[in-house]
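Asks:
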Amino acid sequence: GIQVEQSPPDLILQEGANSTLRCNFSDSVNNLQWFHQNPWGQLINLFYIPSGTKQNGRLSATTVATERYSLLYISSSQTTDSGVYFCAVEERSSGSARQLTFGSGTQLTVLP
Amino acid sequence: NAGVTQTPKFQVLKTGQSMTLQCAQDMNHNSMYWYRQDPGMGLRLIYYSASEGTTDKGEVPNGYNVSRLNKREFSLRLESAAPSQTSVYFCASTILQGWANTGELFFGEGSRLTVL
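Protein chains in written order, with the working numbering: chain A, 93 to 204; chain B, 77 to 192.
Following this line, the structure appears as structure tokens:
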């Protein structure tokens with residue numbers, strides 16, 4: 093099946109700093125999604141982004157499907173951004189379509 | 077609008093006991109999923125149901141059964157719980173567009189299961 097690798101695994105920032113999280117995947121995908129898991133365990137969908145660039149407030153994401161990676165940008169980070177960020181992809185091959193494969197996540201800690 | 081609702085939120089079982097995790101969504105989604113999350117790992121798919129009346133195995137189906145009761149509800153059953161099934165379980169739902177194009181995934185709040 094498809095491999096999804098996220099980097100860095102851990103990231104510690106001072107409040108106000110910017111950061112870039114990366115997601116690499118090993119095969120062609122139908123779509124890609126970014127999620128934030130807050131410290132209470134709740135999973136929130138941030139972006140549905142199979143290709144191109146999207147922005148939502150201080151967060152933006154870019155997926156370059158032909159080069160098999162996606163980037164999540166967090167600007168002017170806040171303590172509420174802390175948590176784990178997951179990338180998930182739907183493999184294009186017929187055997188694995190209709191299901192999302194998750195990376196292991198990036199643990200982000202924003203210090204006040 | 078409640079979204080995706082899971083019950084129970086916490087459960088402690090003894091090895092060999094059985095239980096069912098319930099999931100319901102009110103967003104008129106056609107596809108539903110059960111994932112498990114273990115410490116330091118991402119989410120792994122147990123089973124999914126692309127539409128009412130169908131279920132398929134995911135990455136880690138052994139030891140589990142599922143039932144898509146109707147369009148709204150998708151349950152996960154552990155017939156004989158084992159300590160290796162100690163985990164946090166998440167239900168999710170989405171609109172599946174066409175044969176293969178998973179839409180934006182929405183998650184429940186999770187169910188923390190401990191098997192002693």
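Ideal Cβ positions, reconstructed from N, Cα and C, are used throughout, including at glycine.
Since we're looking at a predicted model, the values are computed, not measured.
Buried or exposed for A:Glu182, going by 16 or more other Cβ atoms inside 10 Å?
Replies: Of the residues assessed, A:Glu182 falls on the buried side of the cut-off, its CB having 16 or more other CB atoms within 10 angstroms.
Asks: Give me the chain A residues within the contact set of B:Phe182, using Cβ-Cβ distance strictly less than 7 Å, ordered along the chain.
Replies: Asn137
Asks: Confirm, please, whether the CB-CB distance from A:Tyr161 to A:Asn116 is below 9 Å.
Replies: yes
Asks: Give the range of the beta strand (DSSP E) segment to which B:Gly139 is assigned.
Replies: Per DSSP, B:Gly139 belongs to no beta strand (DSSP E) and is neither H nor E.
Asks: Apart from the five residues on each side of it in sequence, which residues of its chain come closer than 8 Å, Cβ to Cβ, to B:Gly44?
Replies: Since the first residue shown for chain B is 77 and the last is 192, residue 44 of chain B is missing from the structure and cannot be characterised.
Asks: Considering Cα atoms alone, identify which of B:Met108, B:Thr170, B:Gln82 is closest to B:Thr131.
Replies: B:Met108
Asks: Does A:Ala153 pass the burial test, meaning 16 or more other C-beta atoms within 10 Å, or should it be called exposed?
Replies: buried
Asks: Compare the C-beta of B:Gly129 against all C-beta atoms of chain A and say whether one is closer than 9 Å.
Replies: The Cβ of B:Gly129 sits no closer than 9 Å to any Cβ of chain A.
Asks: What residue range is occupied by the uninterrupted beta strand (DSSP E) comprising A:Glu97?
Replies: 96-99
Asks: In chain order, what residues of the same chain lie with their CB nearer than 7 Å to the CB of A:Gly197, ignoring the 5 residues before and after it?
Replies: Taking A:Gly197 as the centre and dropping the five residues before and after it, the same chain places the C-beta of Gln98, Val176, Tyr177, Phe178 closer than 7 Å to its C-beta, in chain order.
Asks: What residue from A:Glu159, A:Ile104, A:Phe127 has the CA that sits closest to A:Leu203's CA?
Replies: A:Ile104
Asks: Hey, how far is the Cα of B:Tyr165 from the Cα of A:Leu151?
Replies: The alpha-carbon atoms of B:Tyr165 and A:Leu151 are separated by roughly 28 Å.
Asks: Anything in the segment 100-125 of chain B with a Cβ closer than 9 Å to a Cβ of chain A? List those residues in chain order, please.
Replies: Ser107, Tyr109, Tyr111, Gln113, Gly116, Met117, Gly118, Leu119, Arg120, Leu121, Tyr124
Asks: Can you give me the Cβ contacts of B:Arg188 inside the same chain, cut-off strictly under 6 Å, excluding the 5 residues immediately before and after it?
Replies: Phe86, Val164
Asks: With 9 Å as the limit, tell me which residues of the segment 146-166 of chain B have their beta carbon closer than that to any beta carbon of chain A; keep them in chain order.
Replies: Val164, Phe166
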